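There are 2 protein chains.
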Amino acid sequence: MKSVFFAAASGVVLLAVSGAPAQADEGMWTFDNFPAAKVKSAYGVDIDQAWLDRVRGASIRLTNGCSASVVSPEGLVLTNHHCVVDCVQALSSGEKDYVQDGFLTDSREEELKCPGQQAEILAEIVDVTQTVQAAGAGLTGQAFNRARDASVAQIEQEACANDAGYRCQVVSLYRGGQYKLYKYRRYDDVRLVFAPEFATAFFGGDPDNFNFPRFNLDMAFLRLYEGDQPAVTPDHLTWTARAPQEGEPTFVSGNPGSTSRLLTVAQLESQRDLAIPVGQLQRSELRGRLIQFSQQGVEEKRIATDPLFGVENSFKVFFGRQFALNDPSFMAAKRAAEAELKQRVLANRALTREIGDPWGEIEAAQAAYAEQYMAYRQIEAVAGGGSSLYGYARTLVRAAQERNKPNGERLSEFTEARLPLLEKRLLDVRPVDRPLEELYLAFWLSKTREYLTTDDPATQLLLGRESPEAMAARLAAGSRLDDPAVRKALWEGGQAAIEASNDPMIQLALRMDSTARGLREAWETEVEAPTARAAERIARARFAVYGDQVYPDATFTLRLSYGQVQGWTHRGRTIPAATTLAGLYERATGAEPYALAPAWAAAKDDLDLSITYNFVTTNDIIGGNSGSPVVNAQGEVLGAAFDGNIHSLGGDYGYDGALNRTVVVSTAAATEAMRKIYRRDALLAELGVR
Amino acid sequence: MKSVFFAAASGVVLLAVSGAPAQADEGMWTFDNFPAAKVKSAYGVDIDQAWLDRVRGASIRLTNGCSASVVSPEGLVLTNHHCVVDCVQALSSGEKDYVQDGFLTDSREEELKCPGQQAEILAEIVDVTQTVQAAGAGLTGQAFNRARDASVAQIEQEACANDAGYRCQVVSLYRGGQYKLYKYRRYDDVRLVFAPEFATAFFGGDPDNFNFPRFNLDMAFLRLYEGDQPAVTPDHLTWTARAPQEGEPTFVSGNPGSTSRLLTVAQLESQRDLAIPVGQLQRSELRGRLIQFSQQGVEEKRIATDPLFGVENSFKVFFGRQFALNDPSFMAAKRAAEAELKQRVLANRALTREIGDPWGEIEAAQAAYAEQYMAYRQIEAVAGGGSSLYGYARTLVRAAQERNKPNGERLSEFTEARLPLLEKRLLDVRPVDRPLEELYLAFWLSKTREYLTTDDPATQLLLGRESPEAMAARLAAGSRLDDPAVRKALWEGGQAAIEASNDPMIQLALRMDSTARGLREAWETEVEAPTARAAERIARARFAVYGDQVYPDATFTLRLSYGQVQGWTHRGRTIPAATTLAGLYERATGAEPYALAPAWAAAKDDLDLSITYNFVTTNDIIGGNSGSPVVNAQGEVLGAAFDGNIHSLGGDYGYDGALNRTVVVSTAAATEAMRKIYRRDALLAELGVR
């Protein structure tokens, strides 16, 4: 009678801690530093360069924050349903709800573009550490930031200048210890091919999310297009309908979004004591508003489905993080690891002279963090509170100013190399749900007043004498930025068009801009710059002490993790490695979120219920890895990773091989469902399934 | 541009910490240990026994969790509006909204009973420490609890056996260091006389709550009745229309609800890392649901007003607490104070032998706390999630069992001395709003499933195969416990009636009862009993080291605090001690919560705008003190305390005289408003105002 959910709080004490060499199965390794020898000795399999090149060439980064893989020569892409649900929602309307009913296509003509979505395949990695670090050498504060940003902007622009089909991005690894240029083949026409019903993809809903046993068909297919034709993709993974075996080695290739394993104790304390609690309290209230909103009617429920899923998913992620950091023994382990590294540095005089006391410098920056956090958060970092219209307005207002500046002097998100995706996201057609816009805006405006207080000058500038609710209603009803043509005219019209605009959202973004930029500049100068300067030296110390047996924190760039199919044991209870389709029917109650989609309810007798549905592996992954192919040593796709278990929620800060698990939907079950429920014979043929 | 609200987090470092002798103006003193000499030396005024007796005899405890005072010889009682808003809401309906419009009476016949409300005046304090401590001597676990509870039940029953007009209650002070019998004159017929409009009483709403400057007429009048006639109350305070002066000594007599200043560091850490975060996350979501619910229509807004106020108020209180405990320097001060006390104990061998290591025992109990907390919370402590119907059902189910047991063996809330108030609360007529019931139930059921997980046996027992939403709708629509006659029949029918009932809420409470009792017993045995046994010895150590210069933690019993009218300075900004009526009109924007009630908007030109409206004093108070009279050395009422400033939110754990302030609505402004806006001439005459 205890809480498995809460058990996460006390299940993290064994986590590996930052900086020390990785445990067995730990690590989100870059493709240019994969520990193949370690894998060979642990699992007896050879991962050679050809294998790595093939998997890398079939691995996809989706720009909405997910991973995926190419699984046919005609551009077919496997990912998670929850990675395309925003697209499915955008393609739906009050008349046709593809989220509820699923999205099936009988011909390529029926495949529809996902707004804002771009797919990227990593083609090349180049080390640019020296160039970037040299640019900031000897500088501090905002001068340091500007020099680094300008150097990065220049490298990115030059590397992709002659390759319109590519995207170039300089990535900071090991918290500034390395800078690498990642060059991606980019596909800006990505279409939806297949998505199951929400009830099938997300069976068990929020209560089962991050738990296991699970019974989710959290998979979908997209297709890459070039010149309005399916892309030709000779580099692709091989689909298999064979179920994985317990103990089988597995490799997950994808883009883990972000980890904090290399943060110092002082940084973790700011997360624990300030950023996470405030974020979670606001997220909880927004969740409550969305739940109640969605109960007002069928259309409210439809438009709130994806936003609510997103908020609840984030809530659970940060719940796990908060309680990991609240565990005193976990923080003690972090302190011990930091102390060990410091001691080993102190034992080396030359190293001590070289790096100084970067831990102390980061600790000193936390005072500015605490002082500035709330205003920076409300007025800049989460401005708009999720409103698409406000997001469009701020992008338009700032782009008009930034695009007039030399590339090296712009805010980083407006540099030349980043403009194509920015422009695509801004101008793609996408429905705007005004009732949700009003909800987000009222929430943001009221929380800003609450957290900064009514008498704060930023609150006064934001609201004037208007109430949050009245202002939200006026903006949501009055803005015309939902029309892509209006956005395009403002994008092309530049500063003059912005200043002449009578759109109330443009006017608001314009009114707040100087204050918001000021808060951002102060944050970057007094928090980010000293942290970056110090973190770079900590990384240097870590390389000096531990060599390259460490992996960098996740940065939403391509990584490879290794592990095996394996259950786990916690507090005397053993959780098997896999579930079957039979389990789905046992768990179904008929009531949401345990209600079967009608086609599944009808098909029970036709299915082979012994087939493996979901399974867990020891791979070390985190959010951003969603949709990643789970590949065996032969390069066959066994499934798509879609979740972690409850113990993995502390994975932002460390990995515990005894408890942390990746949750995967099997290609075996997907094959069975496509054959007998969805009858997607053409897709099965394309996947090479007889 | 920084957050005054968040500033609370970093404004607590100077807090006095538990156990050490009190700072100037610190302390919630019992009337039998008031530091009159200290007051004399600090403020030059004499507080003699006659003064204490007079103030005590006019001080009221309201059983809904507030304080008040008698201000006329005919039973007129001054308290806060927010202390009667539940009554005003209960007396309102879709036809007549007294919350919005205010409640005015032109004759005594129009004064209406407040359901569930009892008023109590402290008549006598008797030390029963030896009897209670002797009962538990040598026992542990549940045997210790039972012996203590039986002893308390017997003392209470015997002390009030022949006095039906009294209530007897044994109070644990200094966390078990003392036990005192408090004997109260009780008034179970309390009627509403006067309440201003919500917009006037709570001007500035949640954003201004716990902030200052303030402009609230947060006051109301009740009247005590006996035998259907106004009570005769020769012991009453003198009303004054004179505004308070800066520096004037002030005394607050009331019932602070609860403080945690004597908790050990281990207990504070459990609060910080588990209880407060979980409570706040759930409270935030409920807040969001209520906000969205209240926007669905006029009637929804009306019925959600008081619940939303309550949730938002609690949220802010615990926000302050969470960030006080998250402040490392605050916890360091707590650790230092605990270490000092331990060291002084260790320096005294006899004392060391006598008390052992109670701190270690309490720390050991925190493992059980963490293990049991979530299930105990969801299934027992917050069961029903605020649903009145579930509350009625559980009381009825348990009363039927407990009333068959000997007094000493009952659950503590069902002992003889406590039954009269329990019965009154159960049987008084009070409207039940079914849409809110459904909201609360759905919230509680879904959070229980989320936090305990779907597969937990308690979740399964609670929900079966029903969804939280469907079950909530069925229970809210199907239960007849909203009818007092139905409740009365079940109360009188006892166990047989309960078992025969087909009321779905009774059936649910019955189904959960054994599991819930089991969780409670484990909690009491493994968490509360060892904590109580250890805390008693810590109290003994504290008395040995510091004598009676310490005051007990607040326990919702009568206390007296002293201080003066004084503003404060924080980060270079000085906040004056008082506001005027003129400030109200400057702050009004016309939009909620800064909209004036119509009568106030119309009366601006008639008022003397220079009159002091709200003011702050250095008195040390906390929730439960709301409605307390603020009295000067002459025994005149200067106002009613209704809030603390933002810095006082850490006041649960300590007091900082430089920053903590009590916020008061002045009798001067109340007089002006009653004269010129509400035209309550009879009330003014009764108050002796010419």
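As they're listed, the protein sequences go chains A and B. Sequential numbering of the first sequence, starting at 1, is according to this note's numbering. Sequential numbering of the second sequence, starting at 691, is according to this note's numbering. For every residue, glycine included, the Cβ atom is placed at its ideal position computed from N, Cα and C. This structure is a prediction, so every number in the text was calculated from the model and none was measured.
| Item | Value |
| --- | --- |
| What residues in the stretch 256-277 of chain A have a beta carbon less than 8 Å from any beta carbon of chain B? | GLU269, ARG272, ASP273, LEU274 and PRO277 |
| May I ask you to report which of helix, strand or coil DSSP gives ALA164 of chain A? | coil |
| Straight-line CA distance for ASP163 of chain A to GLU124 of chain A? | 13 Å |
| Just tell me which of B:LEU1180, B:SER1251 and B:LYS1366 has its CA closest to the CA of LEU1271 of chain B. | B:LYS1366 |
| Residues of chain A with CB closer than 7 Å to the CB of GLN970 of chain B, please, in chain order. | LEU281 |
| Cα separation between ALA304 of chain A and PHE323 of chain A? | 28 Å |
| Between THR459 of chain A and ARG449 of chain A, what straight-line distance do the alpha-carbon atoms span, to the nearest angstrom? | 6 Å |
| Considering only DSSP beta bridges, list what PRO920 of chain B is partnered with. | B:TYR915 |
| Looking at C-alpha atoms only, which residue of B:GLU916, B:PHE983, B:VAL1235 and B:GLU936 is the closest neighbour of ALA1037 of chain B? | B:VAL1235 |
| Starting from the Cα of ASP738 of chain B, find the closest Cα among B:GLY1334, B:THR1215, B:LEU1079 and B:ALA1323 and give me that residue. | B:ALA1323 |
| Could you confirm whether any beta carbon from chain A is found closer than 7 Å to the beta carbon of TYR1044 of chain B? | Before going on, a small fix: residue 1044 of chain B reads as Glu here, not Tyr. No - not a single Cβ of chain A is within 7 Å of the one on GLU1044 of chain B. |
| Between which two residues does the alpha helix (DSSP H) containing CYS114 of chain A stretch? | Careful: CYS114 of chain A lies outside any alpha helix (DSSP H) and carries neither H nor E. |
| Which partner residues of LEU639 of chain A appear in the DSSP bridge assignment? | Looking at the sequence provided, one finds Gly at residue 639 of chain A rather than Leu. DSSP output for GLY639 of chain A lists A:VAL630 and A:SER666 as bridge partner(s). |
| Counting only Cβ pairs nearer than 7 Å, list the residues of chain B close to ASP208 of chain A. | THR1144 |
| So SER467 of chain A contacts chain B; which residues on that side make the cut at Cβ distance below 7 Å? | ALA1281 and GLU1282 |
| Classify VAL88 of chain A as helix, strand or coil using the three-state DSSP reduction. | helix |
| Starting from the C-beta of ARG261 of chain A, find all residues in its chain whose C-beta is less than 7 Å away, skip the five residues before and the five after it, and write them out in chain order. | SER18, ASP553, TYR653 and GLY654 |
| Span of the alpha helix (DSSP H) holding LEU1274 of chain B? | 1271-1277 |
| Among A:ALA669, A:PRO234, A:ASN660 and A:PRO256, whose alpha-carbon lies nearest the alpha-carbon of ASP25 of chain A? | A:ASN660 |
| Along chain A, in chain order, which residues have C-beta atoms closer than 7 Å to that of ALA837 of chain B? | What ALA837 of chain B touches in chain A: nothing, since even the nearest Cβ is about 27 Å away. |
| My parser needs the alpha helix (DSSP H) runs of 4 or more residues fully inside the stretch 893-966 of chain B; what are they? | 895-898 and 955-960 |
| State yes or no: is the beta carbon of ARG1139 of chain B nearer than 7 Å to at least one beta carbon in chain C? | Chain labels in this structure do not include chain C; the protein chains are A and B. |
| Whose Cβ in chain A lies nearer than 8 Å to the Cβ of PHE983 of chain B? | GLN292 |
| Checking contacts by CB at 7 Å: is GLU95 of chain A closer than that to chain B? | no |
| Given a cut-off of 7 Å, decide if THR1221 of chain B and ILE1405 of chain B are closer than it, judged by their beta-carbon atoms. | Lying before the first or after the last residue shown, residue 1405 of chain B is absent from chain B, which here runs from 691 to 1380. |
| Going by the beta-carbon positions, is the gap between TYR392 of chain A and ARG321 of chain A smaller than 7 Å? | no |
| Listing by chain order, which chain B residues have their CB less than 9 Å from the CB of SER387 of chain A? | Those do not exist, as SER387 of chain A stays about 16 Å from chain B at its closest Cβ, beyond 9 Å. |
| For CYS66 of chain A, tell me which candidate among A:TYR98, A:THR79 and A:GLU74 has the shortest Cα-Cα distance. | A:THR79 |
| Taking ARG511 of chain A as the query, report the chain B residues whose CB atoms sit under 7 Å from its CB, ordered along the chain. | Result: empty, since nearest Cβ-Cβ is about 15 Å, beyond 7 Å. |
| For ALA1160 of chain B, which residues in chain A fall below 7 Å Cβ to Cβ? | ALA591 |
| Counting only beta-carbon separations shorter than 7 Å, does ALA16 of chain A have a partner in chain B? | Legend: pLDDT at ALA16 of chain A = 44, less than 50; position of this residue unreliable, value from coordinates given subsequently. So, not an interface residue. |
| Would you kindly work out how many angstroms separate the C-alpha atoms of PRO457 of chain A and ALA375 of chain A, rounded to a whole number? | 11 Å |
| So for GLU686 of chain A, helix, strand or coil by DSSP? | helix |
| State the Cα-Cα distance for the pair ARG962 of chain B and ASP327 of chain A, rounded to the nearest angstrom. | 11 Å |
| Quick one: which unbroken alpha helix (DSSP H) runs of 4-plus residues sit fully inside the stretch 39-95 of chain A? Chain order, please. | 49-58 and 81-91 |
| State the beta-bridge partners of GLU814 of chain B as determined by DSSP. | B:LYS873 |
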